[in-house]
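Some notes on the structure that comes next.
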Ligand SMILES: Nc1ncnc2c1ncn2[C@@H]1O[C@H](COP(=O)(O)OP(=O)(O)OP(=O)(O)O)[C@@H](O)[C@H]1O
Ligand SMILES: [Mg+2]
């Protein structure tokens, strides 16, 4: 599982607000190797989410290039990007973004719906992932019947269901208390040990301390990028 | 994304907002039901007129005795016997366009058989009458020439008369009395149903015109040649109004009317009247269906409205689906299927309601309704089309959202 998974060069993004141009990202160049666990930090408005959305193929850069797994995705069309997201990426959001009035099982199986997997296989895969995040007993529960931590676990199961190479999490613990945050980080660490590359955006140093590399942003630029002796979240819970 | 999965998502989305889905459907339900009922009512009216045309026979012109002007006072139609049997024969003989002209003598009276009796109209006729009216004898036989010329004591009876006098027994060869004159029933006429004016055309008795004149109608008639009316059939493919015109000229000439003098007869082009009625009932049926389809249109706008609201409400859901791999066309299909499902379920309920409604109208109002398979298929197809048409815009709007903007939507 070695090799470069992400390479960005002079990646830029500006938002046009009428005659105003907001430069959210101003020429970011970096590489992330397969199997890394990266934390992205920085003050509010420094461009972290903008960067993540570009990495997640959810948005088009206004300048620069982006290679994901050797493929230059900054050139792809909307439909092709959808396929890339479907095959290679998993997302975890701050506010979970689960479908209301839909069972945990169906929420987790959602990405597979768009890869044309038959229903029973979809169920099987979703079940397996829910087991993996420790929610085998909650499969038929709707999001409203789950705690915040449980909802985020369902969201992580959904991010994993398509066997992604890269999981992107924008403030995954932002809506959770500190113990639940550590639980979620332990889960992400476990996945990382299994070989999945993980990029997490966070404000909290405690959360970033579980990553093996920390990248600091300011004003749309990388100001610091250093390795980190990762703490073991599972051990902290024991 | 396969169709079953899309359909499941659509049904799920509709179930989540049961009340809203039901109310949205209501527009389509009412529209489809209205279209079906209105087409059934319009079709019924049209079918009634068509039946009347069929029972009258095609290309019929009626000549009636007119008024004689005496000292400035003019009588109504038939107030004076001005047309004669010979006029009828002359019309049949001399006018190219005319296939047959049947003189009739009309009367009414009590018909008696054993100890039952029935009041009916009777006509003295020539065999041309049956030809003109395209009326068949379904049991027994028609009049023989000898009976025609010799005032034979024979009669043909309509279905209503047969039923009332004889019940289920055969009337053939039974002797009945009309105004005390004994006549032998030699045949029964085919069923004709109601006339234009709502009269029962099967409540009738026919006898040779000579019999009516000499034996039944009494001494005053016996010496005259006059008739109540002449029924004329124009040949197939001939111009009715040209035949009408030539007939008027012939009659004026025969009656020795001076130019400027009024006609002493009336000509009624019955087929034309019925055709006009048919045309107007067609327009009526179309109008009814058009008005009903307006409500279907309104129902469609309702669907569009709700789908637009739904797309806005579910923007984050759309964003999420896109983030996990839905392409624009997957989203488009999803919302389109949702709209079409809504309209088709509404359409199905509307069809049931419309069929029931048409039956209720027939039962309660006593109107004739004609439920046609075509109208049901049409209504169902229209409902589906409404779903596609009015669902497309909101669905396209949803599919064009950018994933990141949809995800961020508050
Ligand atoms: N859709 C948008 N339209 C206009 N400006 C935007 C948009 N999204 C972000 N920006 C601007 O771009 C800059 C970077 O925003 P971004 O969301 O990446 O910050 P962030 O680092 O994630 O901040 P936070 O920690 O508060 O989430 C900000 O100045 C923001 O106002
Ligand atoms: Mg952010």
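Protein chains in written order, with the numbering used here: chain S, 42 to 279; chain B, 100 to 509.
For glycine and all other residues, C-beta sits at the position ideal for the given N, C-alpha and C.
- At least one heavy atom of ligand 2 sits closer than 7 Å to the Cβ of residue 242 of chain S.
- Counting only residues whose CB is nearer than 6 Å to a non-hydrogen atom of ligand 1, the list in chain order is S:56, S:58, S:63, S:65, S:83, S:85, S:86, S:87, S:88, S:89, S:90 and S:91.
- Under the Cβ distance rule, residue 509 of chain B does not count among the residues neighbouring chain S, no pair being separated by less than 8 Å.
- Segment contact: the stretch 83-93 of chain S against the stretch 394-404 of chain B, fewer than three CB-CB distances shorter than 8 Å; contact not assigned.
- Taking the CA atoms as reference points, residue 330 of chain B sits about 12 Å from residue 183 of chain B.
- Only buried fits residue 222 of chain S, as 16 or more other CB atoms lie within 10 angstroms of its CB.
- Taking the Cβ of residue 100 of chain S as the reference point, every heavy atom of ligand 2 lies at 7 Å or farther away.
- Distance from the CA atom of residue 260 of chain B to the CA atom of residue 276 of chain B, rounded to whole angstroms, is 13 Å.
- With respect to residue 194 of chain S, residue 148 of chain S sits apart: the two C-beta atoms are not nearer than 8 Å.
- At a C-beta separation below 8 Å, residue 456 of chain B has no neighbours in chain S, since its nearest C-beta there lies roughly 35 Å away.
- The continuous alpha helix (DSSP H) containing residue 115 of chain B extends over residues 102-115.
- When the Cα atoms are used, residue 307 of chain B and residue 342 of chain B turn out to be separated by approximately 27 Å.
- Taking the C-beta atoms as reference points, residue 508 of chain B is found nearer than 8 Å to residue 414 of chain B.
- Counting only residues of its own chain and dropping the five nearest sequence neighbours on each side, residue 117 of chain S has no CB closer than 6 Å to any other CB.
- Rounded to whole angstroms, the separation of the alpha carbons of residue 213 of chain S and residue 207 of chain S is 15 Å.
- Chain order gives no chain S residues near residue 124 of chain B, where near means a beta carbon separation below 7 Å; the closest approach is about 20 Å.
- The Cβ-Cβ distance between residue 219 of chain B and residue 304 of chain B falls below 8 Å.
- Less than 8 Å divides the Cβ of residue 198 of chain B from the Cβ of residue 332 of chain B.
- In terms of side-chain proximity, the C-beta atom of residue 247 of chain S is found no nearer than 7 Å to any non-hydrogen atom of ligand 2.
- Listed along chain S are 138, each with a C-beta nearer than 7 Å to that of residue 415 of chain B.
- Per DSSP, residue 160 of chain S is one residue of the alpha helix (DSSP H) stretching across 160-173.
- Pairing residue 438 of chain B with residue 400 of chain B gives a Cβ-Cβ distance that is not under 8 Å.
- When only Cα atoms are considered, residue 68 of chain S and residue 135 of chain S end up about 26 Å apart.
- The C-alpha of residue 292 of chain B is placed about 14 Å away from the C-alpha of residue 262 of chain B.
- For residue 144 of chain S, the closest of S:158, S:192 and S:129 by C-alpha to C-alpha distance is S:192.
- Taking 8 Å as the Cβ-Cβ cut-off, the stretch 491-508 of chain B approaches chain S at 501, 502, 503 and 506, given in chain order.
- Using a Cβ-Cβ cut-off of 9 Å, residue 427 of chain B is close to 119, 120 and 123 of chain S, given in chain order.
- Distance from residue 286 of chain B to residue 239 of chain B at the Cβ level is roughly 3 Å; contact confirmed, criterion being Cβ atoms closer than 8 Å.
- For residue 266 of chain B, the secondary structure class from DSSP, reduced to helix, strand or coil, is coil.
- The criterion of a C-beta distance shorter than 8 Å is satisfied by residue 148 of chain B and residue 373 of chain B.
- Bridge pairing for residue 109 of chain S: S:47 and S:112 [DSSP].
- Taking C-beta separations shorter than 7 Å and ignoring five residues to either side along the sequence, the partners of residue 56 of chain S in its chain run 63 and 65, following chain order.
- Residue nearest to residue 321 of chain B within the set B:328, B:311 and B:327 is B:311 (criterion: CA-CA distance).
- Residue contact with chain B for residue 155 of chain S: present (Cβ-Cβ distance below 8 Å to some residue of chain B).
- About 6 Å separates the beta carbon of residue 201 of chain B from that of residue 224 of chain B, a gap short enough to meet the 8 Å contact definition.
- The residues 212, 215 and 217, in chain order, have a CB closer than 6 Å to that of residue 264 of chain B in the same chain once the five nearest residues on each side in sequence are set aside.
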